[in-house]
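Chemist: Dropping a structure here in structure tokens format, bear with me for questions.
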Ligand SMILES: C[S@@+](CC[C@H](N)C(=O)[O-])C[C@H]1O[C@@H](n2cnc3c(N)ncnc32)[C@H](O)[C@@H]1O
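Numbering (this note's numbering), first residue to last: 5 to 214.
Pasting the structure below:
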């Protein structure tokens, strides 16, 4: 409910990956409950997946969802930080959906993106989605208000709205798109192309070039 077009985002990832070969391998960084894995698993039945998440609760939920989708033989799980995951092979594509916006320190964010790049083949694709924006811009406040109004229209209580607004303002490290682009470039990706936006949520596709 927090992201009004969450399911649409996952559907919109599919076309970017359609040119990849049969038997491709896909890394889901901060997999959560596995929304991208089960969506992609349906479209790409020959692919294998690795789900990495620091939360064992999330990974357990992901494991259950993967089993329900009858994909258990195609998915492996790593419980820990993405930066610590050592993959024996390189991936054709990876996703990082709503993970990096919680990393506040620039160097730490860069290290996170670099560790994704290190696990991809050259020419491999990254699908990246995060909350983003320039907090000092007037448009930021307008988008934040519109987002919270849309969220409120789903019947969220006033108390919950206050808490959620505080969570967003406290825990999300918003950065403008040009800074995100610079970070991804520095981490070894081509200039990302934004293919998705809902209020302050953005989604990009980038290619690993080094
Ligand atoms: C907001 S959830 C998003 C989950 C999923 N990608 C989705 O779109 O539903 C962020 C997830 O990233 C995980 N996470 C945060 N930092 C991480 C890191 N450094 N390595 C691996 N997982 C991480 C959290 O435990 C959480 O499950």
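Using N, Cα and C, we set each Cβ at its ideal position, and we do this for glycine too.
Do residue 87 and ligand 1 come close, with the Cβ less than 8 Å from some heavy atom?
Modeler: Indexing the chain shown from 1 puts residue 87 at position 83. Under cutoff, so the answer is yes.
Chemist: With DSSP as the reference, please indicate the residues paired to residue 212 in a beta bridge.
Modeler: Position 208 of the chain shown, counting from 1, holds the residue named residue 212. Looking at the DSSP assignment, residue 212 forms a beta bridge with 193.
Chemist: Is residue 137 helix, strand or coil by DSSP?
Modeler: Walking along the chain shown from the start, residue 137 turns up at place 133. It is coil, neither helix nor strand.
Chemist: Just curious, the alpha helix (DSSP H) that residue 43 is in, first and last residue?
Modeler: Reading the chain shown from its first residue, position 39 is the one you call residue 43. Start and end: 39-47.
Chemist: Here's a check: name, in chain order, each residue in its chain whose Cβ is nearer than 7 Å to the Cβ of residue 73, leaving out the five neighbours to either side.
Modeler: Start at 1 with the first residue of the chain shown, and residue 73 comes out as number 69. The residues are 42, 45.
Chemist: Which stretch, first to last residue, makes up the alpha helix (DSSP H) that contains residue 33?
Modeler: Residue mapping note: residue 33 aligns to position 29 of the chain shown, counting from 1. Here residue 33 belongs to no alpha helix (DSSP H); instead the beta strand (DSSP E) covers 29-33.
Chemist: Nearest by alpha-carbon distance to residue 16: which of 63, 159, 133 is it?
Modeler: On the chain shown, position 12 is the one that residue 16 refers to. Nearest of 63, 159, 133 to residue 16, Cα basis: 133.
Chemist: Relative to ligand 1, is the shortest distance from any of its heavy atoms to the C-beta of residue 9 smaller than 8 Å?
Modeler: What you label residue 9 is simply residue 5 of the chain shown in a count that begins at 1. Residue 9 Cβ: outside cutoff for every heavy atom of ligand 1.
Chemist: Please report the straight-line C-alpha distance between residue 93 and residue 35, rounded to a whole angstrom.
Modeler: Along the chain shown, read from residue 1 onward, the residue named residue 93 stands at position 89. Along the chain shown, read from residue 1 onward, the residue named residue 35 stands at position 31. So the two alpha carbons sit approximately 19 Å from each other.
Chemist: Would the segment 79-86 and the segment 56-67 be scored as touching if the rule is three or more Cβ pairs under 8 Å?
Modeler: Yes: the two stretches touch, three or more of their Cβ pairs being nearer than 8 Å.
Chemist: Which residues bound the beta strand (DSSP E) around residue 98?
Modeler: Residue mapping note: residue 98 aligns to position 94 of the chain shown, counting from 1. Run containing residue 98: 95-101, per the beta strand (DSSP E) assignment.
Chemist: With a threshold of 16 other CB atoms inside 10 Å of the CB of residue 143, please say whether the residue is buried or exposed.
Modeler: For the purposes of this step, residue 143 is taken as residue 139 along the chain shown, with counting starting at 1. Under this definition residue 143 is an exposed residue.
Chemist: Could you give the residue range of the alpha helix (DSSP H) that holds residue 106?
Modeler: Here residue 106 refers to the residue found at position 102 when the chain shown is read from its first residue. Segment: none, residue 106 is in no alpha helix (DSSP H) and carries neither H nor E.
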